[in-house]
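Structure first, then comments.
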Amino acid sequence: MLAIRDLAFRYPQGETPALAGVSFEIQRGEVVGLLGPNGAGKTTLIAHLAGALPVQQGEITLDGQPLARVRQNNPTRIAIAPQEYAFYPMLSVRENLDCFAAAAALKGAHKQQRIEACLAFAQLERYVTTRAERLSGGLKRRLNLAIALLPKPEMLLLDEPTVGVDPQSRAFLLDAVRALAREGTTLLYTSHYMEEIESIASRVVIIDGGKVLCAGTLEDLLRERAPQVRLAVEGIPEDKLKSLLASFGQAEIIGSDWQVTLTSARSAPQLLNTLEEAGGKVLYASFGRRNLEQLFMALTRRSLRD
Amino acid sequence: MLLALMKKELLALSRDLHGLAALFLMPILFIVIMSLALKDVYNPPVKTISYVVEDHDGTELSHTLLTQWEKRHGKPLDHADNWRESVQNGTVGYALIIEPGFTMALFEQNLDEQGVQLRLLTDPGMESAAFSAIRAELLMLASELRGQVLLSSVRGAQQAAGNTATALSAEKLIEAERLSAGTRPTSVQQNVPAWLVFGMFFVVASIAGLFVEERQCGALARLATLGVSTRTMILSKALPYLGINAIQSALMLAVGVWVIPLLGGEALSLTKIHWGSLLLILLSVSLAAIGMALALASLVRTHAQAAAVGPIINVVMAAIGGIMVPKFVMPDFMQRIAELSPMNWGLEGVLAVLLRGGRWAEVWLPAAKLGGFALLMFIIAALLFRRREV
Chain A
4 MLAIRDLAFR YPQGETPALA GVSFEIQRGE VVGLLGPNGA GKTTLIAHLA GALPVQQGEI
64 TLDGQPLARV RQNNPTRIAI APQEYAFYPM LSVRENLDCF AAAAALKGAH KQQRIEACLA
124 FAQLERYVTT RAERLSGGLK RRLNLAIALL PKPEMLLLDE PTVGVDPQSR AFLLDAVRAL
184 AREGTTLLYT SHYMEEIESI ASRVVIIDGG KVLCAGTLED LLRERAPQVR LAVEGIPEDK
244 LKSLLASFGQ AEIIGSDWQV TLTSARSAPQ LLNTLEEAGG KVLYASFGRR NLEQLFMALT
304 RRSLRD
Chain B
20 MLLALMKKEL LALSRDLHGL AALFLMPILF IVIMSLALKD VYNPPVKTIS YVVEDHDGTE
80 LSHTLLTQWE KRHGKPLDHA DNWRESVQNG TVGYALIIEP GFTMALFEQN LDEQGVQLRL
140 LTDPGMESAA FSAIRAELLM LASELRGQVL LSSVRGAQQA AGNTATALSA EKLIEAERLS
200 AGTRPTSVQQ NVPAWLVFGM FFVVASIAGL FVEERQCGAL ARLATLGVST RTMILSKALP
260 YLGINAIQSA LMLAVGVWVI PLLGGEALSL TKIHWGSLLL ILLSVSLAAI GMALALASLV
320 RTHAQAAAVG PIINVVMAAI GGIMVPKFVM PDFMQRIAEL SPMNWGLEGV LAVLLRGGRW
380 AEVWLPAAKL GGFALLMFII AALLFRRREV
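Sequence order for the protein chains is A and B.
Using the working numbering, the first residue of the first sequence is number 4, and each one after it goes up by one.
Using the working numbering, the first residue of the second sequence is number 20, and each one after it goes up by one.
Given below as structure tokens:
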């Protein structure tokens, strides 16, 4: 459905490209999680998809047609719920919906029906006359989402929609996203909360430095990566233990435990045998794949970003 | 779509009390305060200024002079020894001092050797127009009296002197009148146009403020992603403020016509003015103000910049453009600078209609200048608007 090919973009006065050849696809009805540290190029990529930035190099197509042409004919097929509260604080909830519905070229009874549907979806009916600036953070996020849904888009771009909200509002927003996915809306969801992505996304794209580091289903990405063993051992001096563990993969101390990223999943039993033969006593050991956060950190490194 | 965006603009403005105050209250206050404060500059109250008299001559002729002065200026204050100090500190407006040789001097044909016999000493703070008016009146009275005296001495016909002296005066041959649309210039007639133009340009603050806010919060970008064109966005801002400027104009004129008289000032006169020309020049001012506001709004990045830059530019344009200080009191080089200010073009156009009875021929040039300025500003706004989207 949506295909991004070798997309590159450099801001005026930008020293390095914000995007440096990004390619991936999103199929109709998919929920794709877009991950990346600050400055990775996520917002620039989203801005391209929303039509807010022109394509400098590469191409974006929707159903085989260049996105720019698709947007010319129907700019509301792809909608965005931006990270900022992109509405008018001095207007009431209904006035905001009215304004953006008209801007989306909705008219008459259809416009009213969509406004009511979005109010109901975001559970904002009680607040229709409240000025947006007086809403709580969670309600503002819901209004932001409701506005994005007004034109009933085929694809929705959600840019960190749960930043700064309480757990209740966060749960509500995640439920809303799942409901949209069930209805068949294609979703591209960016967040720094890995557990959110794990809970709603069927595919994940991780980008950094304007490039795609990996893309695929969550299952594949986590399975492809090397398995890990986390264990606690006594009876072996630390230096010796470290060299033993390092012979099976990358070893590091996490709290009071050792974590070994194995070079091969099949070497786990051999690791345990080796430790026992060296006189060590394995107090406990857990074997499993990395979670998304570990994968993300491994791919994007630990160094702090601007 | 355009109507909904215009409605949004008006709703936002209606909830911005500071913006409303700047657009409506501030120019009204300026009109009221400045019209009343400057009332006497345009109409010096020379007839009501207090004065004292020192008559050291004490003759019939000096008495005649003082009697005629009393008829025009009312009775003098009671004489006091410290009158000079009173004049010096402004508690008395002026003093007339008739020296002992006044009557004798009137009879002399050659005045070169007579020295000063009639003195006018005024409060140091007396406005120059009032000083000139009193001095001229005193000169005229003394000249008439001297005319009477000289003729009577030549003919020896005391009785005929009055008539002849009157005949000598050219006053009846002269009529001085300021040509206008049917009313003489007053502070109201000058101040309403000035502060009306100033107030219309204050849409800069409101437009720029909301513009920055919606750009910062992402609402503008969101409108763009929904397919709203730059042209529609600019129009949705320009059209409501044309209406706001129209309401401002009606309100300011109404204040001049009905409110100022209630406060003791003279009413703004709209009789015999050419309404079509007034509408043309006001529309031109409005377009120029809105165009400048949009260009500035597209240029600034923060609320602080919007709140500071717009009013600063307005005040500077007003200061050099003859809004705060009338152009006619400026020196030549400042008058040439004033002609660079769009506010001056607007002011001259409105004054041409309200004060000089101007019609199309008198307002087309300032209207064209303002129209050109507006077009330039709209183009800059559109270009900056598109650039800021990237």
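Beta carbons: idealized from backbone N, C-alpha and C, even for Gly.
Nearest neighbour of residue i, chosen from the options [CA to CA]
| i | options | result |
| --- | --- | --- |
| B/D76 | B/L160, B/S69, B/A114, B/A124 | B/A124 |
| B/E104 | B/V335, B/L215, B/T86, B/L140 | B/L140 |
| B/P95 | B/E163, B/L318, B/Y70 | B/Y70 |
| B/M252 | B/E233, B/I266, B/A152, B/A269 | B/E233 |
| A/L311 | A/I257, A/Q231, A/W261, A/N99 | Missing from the structure shown is residue 311 of chain A; chain A here goes from 4 to 309 and no further. |
| A/V250 | A/G238, A/P240, A/T266 | A small fix is needed here, since residue 250 of chain A is Ser in this sequence, not Val. Measuring from the Cα of A/S250, the nearest candidate turns out to be A/T266. |
| A/H195 | A/K114, A/A6, A/I257, A/V207 | A/V207 |
| B/V382 | B/E127, B/M311, B/S296 | B/S296 |
| B/R375 | B/T205, B/W102, B/A23 | B/T205 |
| B/I117 | B/G134, B/A243, B/L270 | B/G134 |
| A/L302 | A/D211, A/Q116, A/S202 | A/D211 |
| A/G32 | A/G252, A/Y192, A/E255 | A/Y192 |
CB contact below 9 Å: residue i versus chain A
| i | result |
| --- | --- |
| B/K256 | no |
| B/L36 | no |
| B/L366 | no |
| B/L4 | This structure does not reach residue 4 of chain B, given that chain B is present from 20 up to 409, and the question cannot be answered. |
| B/L30 | yes |
| B/K66 | no |
| B/K346 | no |
| B/K27 | yes |
Euclidean distance between Cα positions of residue i and residue j
| i | j | result |
| --- | --- | --- |
| A/E3 | A/Q86 | The structure shown does not extend to residue 3 of chain A, since chain A spans only 4 to 309, so no value can be given for it. |
| B/V409 | B/F392 | The predicted model places B/V409 with a pLDDT of 42, which falls under 50 and marks its position as unreliable; any figure quoted below should be read in that light. B/V409 and B/F392: Cα-Cα distance of roughly 27 Å. |
| A/L295 | A/L153 | 33 Å |
| A/A271 | A/K284 | 16 Å |
| A/M158 | A/F175 | 20 Å |
| A/N3 | A/L65 | The structure shown has nothing for residue 3 of chain A, since chain A only spans 4 to 309. |
| B/R378 | A/L48 | 59 Å |
| B/A180 | B/E156 | A caution first: B/A180 carries a pLDDT of 48, below 50, which makes its placement in the model too unreliable to give a value. |
| A/K45 | B/I342 | 52 Å |
| B/L169 | B/A386 | 59 Å |
| B/L245 | B/H37 | 31 Å |
| A/G291 | A/A179 | 31 Å |
| A/K155 | A/R74 | 15 Å |
| B/T249 | B/Y260 | 17 Å |
| A/R137 | B/R320 | 25 Å |
| A/G187 | B/M396 | 47 Å |
| A/L38 | A/S26 | 14 Å |
| B/R138 | B/A114 | 8 Å |
| B/S162 | B/V106 | 26 Å |
Cβ neighbours of residue i in the same chain (closer than 6 Å, five flanking residues each side left out)
| i | result |
| --- | --- |
| A/L70 | I63 |
| B/Q177 | Residue confidence is low: B/Q177 scores 49 on pLDDT, short of 50, so the model does not pin down where it sits. Its coordinate-derived value is still stated next. If we look at B/Q177 and ignore the five residues flanking it on each side, its Cβ neighbours are S171. |
| A/A23 | A11, G213, K214 |
| A/R13 | P20 |
| B/M336 | S360, M362 |
| B/A41 | F221, A224 |
| A/T165 | R173, L176 |
| A/K114 | A104 |
Close Cβ partners of residue i (< 7 Å) along its chain, the five nearest in sequence each way excluded
| i | result |
| --- | --- |
| B/T122 | D76, T78, L80, S81 |
| A/V96 | L127, Y130, V131, T133, A135, L146 |
Contact set for residue i: own chain, Cβ-Cβ below 8 Å, skip 5 residues either direction
| i | result |
| --- | --- |
| B/I339 | M353, I356, A357, L359, S360, N363 |
| B/T83 | L164 |
| B/H293 | V372, G376, G377, R378, W379 |
| B/L55 | S206, I279, L282, G283, G284 |
Short CB-CB distance (under 9 Å) between residue i and chain B
| i | result |
| --- | --- |
| A/A11 | no |
| A/M197 | no |
| A/A89 | yes |
| A/I7 | no |
| A/A107 | yes |
| A/M93 | yes |
| A/G54 | yes |
| A/I83 | yes |
| A/C102 | yes |
| A/G17 | no |
Of all the residues that make up the region 222-245 of chain A, which are near chain B by a beta-carbon distance shorter than 8 Å? For the region 222-245 of chain A, there are no residues whose beta carbon sits under 8 Å from a beta carbon of chain B.
Of all the residues that make up the region 227-258 of chain B, which are near chain C by a beta-carbon distance shorter than 7 Å? Absent here is chain C; the protein component of the structure consists of chains A and B.
Under 7 Å (Cβ pairs) to chain B, residues found in the region 119-136 of chain A: Listed in sequence order: no entries.
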